[in-house]
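Just so we're aligned, residue 3 is where the sequence shown starts under this note's numbering, counting upward by one.
I have placed the structure first, in the form of structure tokens, so that the comments after it can refer back to it.
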Amino acid sequence: AEPVVQKHLESLQSSCGNGLETGALQRLTNLLLVEGLTDIQQKEHDILQVEITKGLPNTSQSIPLEKLFLPLSKVSIPPRISVTIGVAGIGKSTLVKLFVCSWAKGEISRDTMFVLPLTFRELNTYEKLSAERLLCSARPHTTEPGPISAGAARTLLILDGLDEFKTPLDFSNAVVCTDPKKEIQVDSLITNIIRGNLLQEASVWVTSRPAAAGQIPSGLVDRMTEIRGFGAAEMKDFLDQMFLGNRDLSSQVLQHIRANRSLHVLCTIPSFCWISGSSIAYFLKRSSDRSREATVVPRTLSEIYSYYFKMALSGDWLEKPRETLRIEQAVNTSKKLVGSLGRLAFCGLLRRKHVFYEQDMKAYGIDLSLLHSSLSTRLLLKEDMQASTAYCFSHLSIQEFLAALYYYTAAKRAFFDLFTESGVSWPRLGFLSHFRSAVQRALQAEDRQLDIFIRFLSGLLSPQVNELLSGWLLVKDEHGGLRSQAIGVLQGCLSAEHAVSSRAVNAVRCLHEIQHTDTAKAVEEAMRSESLAGMLTPMNCSALAYVLQVSDVCLEETNLSNCLTYNVCKSLLSQLLFCHNLRLDNNQFKDDVMELLGSVLSVKDCQIQRLR
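Structure representation (structure tokens):
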């Protein structure tokens, strides 16, 4: 079997070696060891998870990559099923590449005879598979089924990207199969492998976004790890690598990110840091070129993404003013492409679909020949696989922004509800009616998958974004009459509930996107001057919860002395979990508040370290 092994190693090195820059990978050589999924990971959108926890890990226990599949102590056994979670864009697939490449070079896990990497993207292209054919598909260069029976104890099967699998895993109703030659539905094959009915000798490593990992019953998972985001030094190194040879630009971009706390938190996600870094650098170059223009420093998510799209649409034509006609043609083609990609993005979001294949592209009228333009390479990633080609947006948030652009444009002329895919619904006329419908859908969505979409949709009504994109993707000043009514719709989401939920905080973030910041500013000012007493109406409580997440006033300590009643304290409880240093002195509390606080301190997500 030696030549087979050798061939396998060479094939893995060539397929996994490209695109791995050593500088940014140090972070991935140490993973966080976690006890299972937290409440927030199961229920919230990835970006909200990072915002709520301020990008800080919930555990200090870590495990080096080379020990990922080893026993934790002399008396324990190695894990058979390992799951690594991480939010969208944090580097799960990069981690897999890094591991496979290091293993193929003989640097780690030397006792593993075969490492077989597969992605759920690829598995989506099969209707039925047997365990044997699955193993062959992981080693397309060899024809023998391989040493899975005898030496399987030394085989590691990697299944990357469970969140991209087209069929939810159903462990309670899966049909048992123990025959490795039998062809069965792919989802059933995966559940049987994880349960140990098939390939029980092999180790299995699954990577996934947090919520999707909840499909695997915790009793079947022997080890769960999490990828952490950038620390301060890593963010700086990443930006230095992005702007090689231009240290000035790199440090200006970093300064800008650090000055905006909510942006800084999100930039702990590498993909997000890359999009923000590109946008801010584009803005800085433009503002130095055109000092006459009033320039808007990008602060909100929608502004960052508007700059990113403007940069993507203009390609490198900014430097070639002579070819006006060709530019116009190119811009029109690009606008058409953004329109059809927007429809794909929106329908994908509704179906929780983030990976698309050639037949999807054709179904949405996307001209495949246009997908080689510089615009699409900034928006889409293409992956050629054995049987077909897969496309996905370069980050989940790019899909969400495109979906919001599509909805925004379609809502102005649609007669029926855009969320009803059959197209049959009660008539729904006017942009505002569609905006209200989208906000309600986002509030009702169990899995919170529309939270960032709705933030972008709100942001497209802001004067700054309109100015940035008018003539490109928006019509100048069209937002005027709609903005104040949309603000009313969003404010209506703030006073309805007894407890301040992350949905209410998301509505305040939508108001921030639409540039309506009066309420949050007033609450922040009152917090700074310690004059919150008597101010905390339900709407102001939601604004306070937002301020707790984003304001520098709460950096060192969160001071809520002299301002809370029992009811206000109760409504804010879930939002206080993440205040590391909390002051609640001189509030007129009774004993029952102590019970409430006791219940909070015992919650798995709780990060309170000092309480006064």
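Heads up, the beta-carbon is just placed ideally off N, CA and C, and yes, glycines get one too.
Taking all protein chains shown into account, decide if residue 353 is buried (16 or more other Cβ within 10 angstroms of its Cβ) or exposed.
With fewer than 16 Cβ atoms within 10 Å of its Cβ, residue 353 is classed as exposed.
Count the other CB atoms, across all protein chains shown, that sit within 10 Å of the CB of residue 152; report buried if there are 16 or more and exposed otherwise.
Confidence in residue 152 is poor, its pLDDT being 40 and thus under 50, which makes the residue's placement unreliable; the coordinate value appears in the next sentence. When all chains shown are included, residue 152 counts as exposed.
When DSSP labels each residue in this structure, what does residue 319 get in the three-state scheme?
Confidence in residue 319 is poor, its pLDDT being 41 and thus under 50, which makes the residue's placement too unreliable to answer from.
Under a Cβ-count criterion, where at least 16 other Cβ atoms within 10 Å of its own Cβ denotes burial, should residue 596 be classed as buried or exposed?
Residue 596 should be labelled exposed.
Provide the residue span of the alpha helix (DSSP H) that contains residue 65, from first to last.
Note, residue 65: premise wrong, no alpha helix (DSSP H); beta strand (DSSP E) at 64-66.
Between which two residues does the beta strand (DSSP E) containing residue 501 stretch?
Taken as a continuous stretch (DSSP letters only), residue 501 belongs to no beta strand (DSSP E), as it is neither H nor E.
Please name the residue, chosen from 290, 256, 208, that lies closest to residue 71 on a Cα-to-Cα basis.
In terms of CA proximity to residue 71, 208 leads the group 290, 256, 208.
Among 486, 238, 202, which residue has its Cα nearest to the Cα of residue 464?
Ranking 486, 238, 202 by Cα distance to residue 464 puts 486 first.
Counting Cβ pairs, one atom from each stretch, are 3 or more of them under 8 Å apart for the stretch 230-239 and the stretch 266-283?
Yes: the two stretches touch, three or more of their Cβ pairs being nearer than 8 Å.
Can you list, in chain order, the residues of its chain with a C-beta nearer than 8 Å to that of residue 513? Leave out the 5 residues immediately preceding and following it.
Closer than 8 Å at the Cβ level, and outside the excluded window around residue 513, lie 460, 489, 492, 493, 519, 521, 522.
For residue 384, three-class secondary structure by DSSP
Here residue 384 sits in strand by DSSP.
When you compare only the Cα positions, how much space is there between residue 382 and residue 393?
Rounded to the nearest whole angstrom, the CA to CA distance from residue 382 to residue 393 is 7 Å.
Given residue 323, which residues of its chain have a CB within under 7 Å of its CB, disregarding the five upstream and five downstream residues?
Only weak support is given to the placement of residue 323: the predicted model assigns it a pLDDT of 47, under 50, and the question is left unresolved by the model.
Between which two residues does the alpha helix (DSSP H) holding residue 394 run?
Taken as a continuous stretch (DSSP letters only), residue 394 belongs to no alpha helix (DSSP H), being part of the beta strand (DSSP E) at 391-395.
Check whether the Cβ atoms of residue 385 and residue 156 sit closer than 8 Å, and answer yes or no.
No. Outside cutoff.
Three or more beta-carbon pairs under 8 Å between the stretch 272-284 and the stretch 239-254, yes or no?
Yes, the stretch 272-284 touches the stretch 239-254.
Helix, strand or coil for residue 414, going by three-state DSSP, please let me know.
Residue 414: coil per DSSP, three-state reduction.
Using only the alpha-carbon positions, how far apart do residue 110 and residue 60 sit?
If I take the Cα positions, the gap works out to 27 Å.
Looking at residue 216: is its Cβ nearer than 8 Å to the Cβ of residue 398?
For residue 216 and residue 398, no; Cβs fall outside 8 Å.
On the three-pair Cβ rule with 8 Å, is the stretch 524-534 touching the stretch 63-81?
Touching, no, given that fewer than three Cβ pairs across the two stretches are closer than 8 Å.
Applying the 10 Å Cβ sphere with the 16-neighbour rule, what's the burial state of residue 129?
By the Cβ-count criterion, residue 129 is exposed, with fewer than 16 other Cβ atoms from all chains shown falling within 10 Å of its own Cβ.
Where residue 505 and residue 408 are concerned, what is the direct C-alpha to C-alpha distance, given to the nearest angstrom?
One C-alpha to the other measures close to 23 Å.
Is it true that the stretch 438-458 meets the stretch 297-307, where meeting means three or more beta-carbon pairs spaced less than 8 Å apart?
Output reads yes: the stretch 297-307 touches the stretch 438-458.
Determine the burial state of residue 178: buried for a count of at least 16 other Cβ atoms within 10 Å of its Cβ, exposed for fewer.
Sixteen is the threshold: since fewer than 16 other Cβ atoms of the shown chains lie within 10 Å of the Cβ of residue 178, the residue is exposed.
In its own chain, which residues sit with a C-beta less than 6 Å from the C-beta of residue 497, not counting the 5 before and 5 after it?
These residues qualify, in order along the chain: 540, 541.
For residue 106 versus residue 11, is the C-beta distance shorter than 8 Å?
A contact, by the Cβ cut-off of 8 Å.
If you run the structure through DSSP and keep just helix, strand and coil, what is residue 105?
In the structure shown, residue 105 falls within a helical segment according to DSSP collapsed to helix, strand and coil.
Alpha carbon to alpha carbon, what distance is there between residue 543 and residue 558?
Within the model, the alpha-carbon separation for residue 558 versus residue 543 is close to 21 Å.
Per DSSP, residue 614 forms a beta bridge with which residues?
DSSP, once it has assigned bridges, lists no residue as partnering residue 614.
Could you check if residue 56 is buried or exposed, using at least 16 other CB atoms within 10 Å of its CB as the buried criterion?
Residue 56 comes out buried.
If you follow the alpha helix (DSSP H) that residue 433 is in, where does it begin and where does it stop?
Taken as a continuous stretch (DSSP letters only), the alpha helix (DSSP H) holding residue 433 covers 433-446.
Are residue 195 and residue 201 closer than 8 Å when you measure CB to CB?
With respect to the 8 Å criterion, residue 195 and residue 201 are classified as neighbours on the basis of their beta carbons.
Which of the three DSSP states is assigned to residue 472 in this structure?
In the three-state DSSP reduction, residue 472 falls in the strand class (E or B).
Any chance the stretch 427-436 sits against the stretch 336-343, with 3 or more Cβ pairs inside 8 Å?
In the pairwise beta carbon analysis, the stretch 427-436 is classified as not touching the stretch 336-343: fewer than three pairs are separated by under 8 Å.
Using the Cα positions of residue 120 and residue 469, report the straight-line distance between them to the nearest angstrom.
Answer to the nearest angstrom: the Cα atoms are 45 Å apart.
Considering only their Cβ atoms, is the gap separating residue 598 from residue 574 smaller than 8 Å?
If you check the CB distance, residue 574 and residue 598 do not come in under 8 Å.
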